[in-house]
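So in the numbering used here, the last spot in the sequence shown is 497, and the numbers never skip. Below: one structure, written as structure tokens.
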Amino acid sequence: MRTATVLVMPLVCLSVLAVGCRVSPVTGERQLVLIDTQQEIALGREAAPQFEQEFGGRVADAELQAYVSRIGQSVAAQSERSMPYEFALLNSDTPNAFALPGGKVYITAGLMRQMENERELAAVLGHEVAHVAARHNVQALQRQLGASLLVQLAAAAVGPDASDAAATATQIVTGMAQLSYSRDQELEADRIGMRYMERAGYNPYGMIELLTTLNGLEGDQPGWSEFFRTHPLTDRRLDEALDTVQTQFASADPNQRDPAQDQFLRMRQRLA
226 MRTATVLVMP
236 LVCLSVLAVG
246 CRVSPVTGER
256 QLVLIDTQQE
266 IALGREAAPQ
276 FEQEFGGRVA
286 DAELQAYVSR
296 IGQSVAAQSE
306 RSMPYEFALL
316 NSDTPNAFAL
326 PGGKVYITAG
336 LMRQMENERE
346 LAAVLGHEVA
356 HVAARHNVQA
366 LQRQLGASLL
376 VQLAAAAVGP
386 DASDAAATAT
396 QIVTGMAQLS
406 YSRDQELEAD
416 RIGMRYMERA
426 GYNPYGMIEL
436 LTTLNGLEGD
446 QPGWSEFFRT
456 HPLTDRRLDE
466 ALDTVQTQFA
476 SADPNQRDPA
486 QDQFLRMRQR
496 LA
């Protein structure tokens, strides 16, 4: 099946030269690009207000928001894809994390409460940045909405008609609510996310700690079913993340205490 995919992709690209087929600077793989970067950014911008409202709005704590944003920006600065990344903490007890097209990244208060240190937070944000950088969320929306509808929505998002933009936001939010990443995309986002967090100065074992925590909580609390629907967690995912750390970041110490843990715990306490 992999050989067939390699042979078919150039033919698919030839049929859509009006849009483009490009090699991703993030994955090194050829990607079918149905919407350009400015359209992608516009989609996220139009959908963000309604999306945030669906999850209780932003947590009304400027210091806490600045903390999450600082960590997110430090990780996003390592991405090969320049985007207007923005990070926010949402006031929802349902544990989840999301990345809208164009670089708007969210984590809920419910998920942050489950973490024990700053490098776990960096792992989550790095994972979501990876979805944006690798265009996973655009690809997933294309599967969810269909290629033709996604292109229409992207065109409406950059158009002058406010009613079209409002309708676009509604459909994108609906699509994101039903969106789920493939297991291959989750594995890739873990690998890329670890690369970003390590470049930003975080111990990549934070990803292992995060996945171990999530693995122990799966199905244990109300609301987790939605998180695992959108972010499939398997034993293979944890095993591959551990293999990545041991082979690509061999000098990382699994027993090293997170030097920013105390600050993280103080910030987490503000959610109580």
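Using N, Cα and C, we set each Cβ at its ideal position, and we do this for glycine too. Since the structure is predicted, the reported quantities are computational estimates derived from the model, not experimental observations.
According to the neighbour-count rule (16 or more other Cβ atoms, all chains shown, within 10 Å of its Cβ), is Gln264 buried or exposed?
Taking all protein chains in view, the Cβ of Gln264 is crowded by 16 or more other Cβ atoms within 10 Å, so the residue is classified as buried.
Measure the C-alpha to C-alpha separation of Thr262 and Arg270 and round it to an integer number of angstroms.
Distance from the CA atom of Thr262 to the CA atom of Arg270, rounded to whole angstroms, is 12 Å.
Whole angstroms are fine: how far does the CA of Glu353 sit from the CA of Ala414?
7 Å
Take Pro479 and list the residues in its own chain whose beta-carbon comes closer than 7 Å to its own, dropping the five residues that flank it on each side.
Tyr430
Helix, strand or coil at Phe280 [DSSP, three-state]:
coil
Terminal residues of the alpha helix (DSSP H) in which Ile332 lies
Not the alpha helix (DSSP H): Ile332 falls in the beta strand (DSSP E), residues Lys329 to Thr333.
In whole angstroms, give me the CA-to-CA distance for Val357 and Leu257.
15 Å
Run through DSSP, which three-state label would Arg247 get?
strand
Please list the segments of the alpha helix (DSSP H) lying wholly inside the region 457 to 485, counting only runs of 4 or more residues, in order along the chain.
460 to 473
Arg255 (DSSP reduced to helix, strand or coil)
strand
Give me, in chain order, the residues of the same chain whose beta-carbon lies closer than 7 Å to that of Gln481; leave out the 5 immediate sequence neighbours on both sides.
Asn428
Own chain partners of Glu477 with C-beta closer than 7 Å, once the 5 adjacent residues on each side are dropped
For clarity, residue 477 is Ala in the given sequence; the question names Glu instead. So the qualifying residues of the chain are Asn428, Pro429, Tyr430 and Val470.
Check whether the Cβ atoms of Phe474 and Glu423 lie closer than 9 Å to each other.
yes
Assigned secondary structure, Glu311 (DSSP; H/G/I helix, E/B strand, else coil):
strand
Does DSSP put Ala302 in a helix, in a strand, or in coil?
coil
Can you list, in chain order, the residues of its chain whose CB lies under 7 Å from that of Asp487, leaving out five sequence neighbours each side?
The answer is none, since no qualifying residue turns up.
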